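Single-structure report; data block below.
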């Protein structure tokens with residue numbers, strides 16, 4: 003658990019400009035009390051059930067299990083409304099923002115799933131929504147951009163730096179500095195200044211909460227041997243790991259190696275990163291010796307972030323979780339493998355998690371849960387290109 007200063011071990015904290023101090027302090031002082039209010043819990047649980055479609059199934063993947071000689075279950079976050087786990091967090095944060103009296107919402111997005119989830123809850127509640135998205139991501143995730151606009155959101159391109167997720171986050175923070183009174187920033191991952199990493203992890207913890215009950219019903223044991231999840235910032239992994247942090251379950255965080263860890267075109271932060279500060283928290287970060295951020299790369303728009311959330315940095319640093327790096331080609335191969343074996347087209351982010359099966363070992367009677375964080379509709383253009391190349 004995070005401490006009262008917002009740290010997981012040596013990672014975390016709130017390193018913020020003075021203009022944001024009042025906003026962040028208000029959140030820090032009130033988020034736990036608001037989240038524990040019976041009326042908040044009742045409204046959130048109702049929306050998660052009736053609007054989002056929770057609980058999501060825990061699916062025993064028979065053919066995948068046969069291929070890898072294990073008992074492999076998929077936590078089907080791809081079946082949520084909007085197609086990914088992101089809406090678990092935006093539902094919680096929009097209800098929080100309302101109770102804080104905020105009239106305007108901003109967000110950042112890479113793959114577009116968080117942007118769509120934010121635009122969705124803003125439309126649901128009738129609140130203004132502005133989403134910042136890297137110019138490159140706008141091009142490669144066009145369907146999600148159209149969905150956001152149809153939902154009434156204003157999509158603002160980030161044209162600086164690598165024109166991807168990091169730069170969209172920079173622009174969102176600048177907006178928040180300029181509009182500190184009426185605006186709430188819905189951060190989409192377990193990154194940013196405290197209390198965001200803890201708050202987002204708590205909203206996503208519904209994943210592992212359901213997982214425990216479903217595993218108990220299906221296997222007779224609520225604790226699997228291994229949980230696998232992809233990690234960019236790491237919100238889906240935080241949700242999948244949350245209720246297993248104090249168990250013996252093996253936790254595997256799968257990062258994007260891009261064109262290869264040593265290629266100069268990668269996002270494998272646990273291997274290439276050192277301790278530094280980005281977007282308000284101290285974490286593992288890809289940076290030069292003098293502290294300049296190294297631009298990340300991944301074929302997956304949701305994983306090309308130069309850091310990871312401080313919770314994951316702590317878990318990896320202490321050895322509680324292990325990190326596996328997967329290249330673009332390995333992820334693409336895994337996406338087609340899952341599609342042909344189980345009839346499920348995964349998001350490119352989730353495909354990285356499935357590719358890790360080629361790099362792990364286990365006992366044949368082990369139970370493995372893979373968090374299928376999103377569906378692959380948004381990545382069809384990339385998959386079509388792959389088929390044409392083949």
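Residue numbers (this note's numbering): 3 to 392.
C-beta atoms are modelled at their ideal positions from N, C-alpha and C, and glycine is treated no differently.
Computed from a prediction, not measured in an experiment: that's the story for all the values here.
Quick one: what does DSSP say residue 15 is sitting in, helix, strand or coil?
Residue 15: coil per DSSP, three-state reduction.
For residue 184 and residue 370, the rounded distance between their alpha carbons
Between the C-alpha atoms of residue 370 and residue 184 there is a straight-line separation of about 44 Å.
Just to confirm my understanding: we take residue 10, look at its own chain, exclude 5 residues before and 5 after, and list those with CB closer than 7 Å. What are they?
Within the same chain, residue 10 has close Cβ partners 4, 312, 313 and 316.
Rounded straight-line distance, which links the Cα of residue 134 to that of residue 19:
20 Å
According to the Cβ coordinates, are residue 333 and residue 357 closer than 7 Å?
yes
Tell me residue 289's beta-bridge partners as DSSP assigns them.
295
Looking at the unbroken beta strand (DSSP E) that takes in residue 324, where does it start and where does it end?
323-329
Below 6 Å CB to CB, which residues in the same chain sit around residue 275 once its five sequence neighbours on both sides are set aside?
286, 287 and 288
Cβ distance (whole Å) where residue 217 is taken to contact residue 307 below 8 Å:
Wrong, their Cβ atoms sit about 30 Å apart, outside the cutoff.
Mapping the DSSP letters down to three states, classify residue 197 as helix, strand or coil.
coil
Any chance the CB of residue 113 is under 6 Å from a heavy atom of the ligand FAD?
In the structure shown, the ligand FAD is absent, as is every other ligand, since no ligand is present at all.
Start and end of the beta strand (DSSP E) containing residue 370?
369-374
In this structure, how does DSSP classify residue 92 when only helix, strand and coil are distinguished?
helix
When the distance is taken between beta carbons, is residue 236 closer than 7 Å to residue 192?
yes
For residue 384, three-class secondary structure by DSSP
helix
Straight-line gap, residue 337 to residue 215 (C-alpha atoms, nearest Å)
28 Å
Would you be able to state if there are at least three C-beta pairs under 8 Å between the region 105-117 and the region 366-382?
yes
Are residue 373 and residue 205 close, meaning C-beta to C-beta below 7 Å?
no
From 353, 120 and 80, pick the residue whose C-alpha is nearest to that of residue 56; which is it?
80
Quick one: grab the DSSP three-state call for residue 155.
Coil, per DSSP.
In chain order, each alpha helix (DSSP H) run of at least 4 residues that lies wholly inside the region 3-91
Within the region 3-91, the complete alpha helix (DSSP H) segments at least 4 residues long are 23-38, 40-49 and 64-70, listed from N- to C-terminus.
Anyone know if the C-beta pair for residue 270 and residue 263 falls short of 7 Å?
yes
Measuring CA to CA, which of 143, 131, 346 and 330 is closest to residue 261?
330
Per DSSP, which one or two residues make a beta bridge with residue 135?
111 and 159
Measure the CB-CB distance between residue 86 and residue 300 and report whether it falls below 7 Å.
no
Do the region 226-243 and the region 144-158 make contact, defined as three or more Cβ pairs closer than 8 Å?
no
Are the CB atoms of residue 49 and residue 93 within a distance shorter than 7 Å?
Cβ distance < 7 Å, so residue 93 and residue 49 count as in contact.
Based on the DSSP secondary-structure assignment, which residues constitute the bridge partners of residue 185?
106
Give every residue of the same chain whose Cβ lies closer than 7 Å to the Cβ of residue 320, excluding the five residues on either side of it in the sequence, and list them in chain order.
11
Counting along the chain, where does the alpha helix (DSSP H) carrying residue 259 start and finish?
The continuous stretches of alpha helix (DSSP H) do not include residue 259, which lies in the beta strand (DSSP E) extending over residues 252-260.
C-beta contact flag for residue 173 and residue 160 at 7 Å:
yes
For the beta strand (DSSP E) holding residue 278, just list the boundary residues, first then last.
276-280
Extent of the continuous beta strand (DSSP E) to which residue 270 belongs:
Counting along the chain, residue 270 falls outside any beta strand (DSSP E), and DSSP gives it neither H nor E.
Identify, in the order they occur along the chain, each residue of the same chain with its Cβ nearer than 6 Å to the Cβ of residue 265, setting aside the five sequence neighbours on each side.
none
According to DSSP, residue 309 sits in a beta bridge with which residue or residues?
287, per the DSSP bridge assignment.
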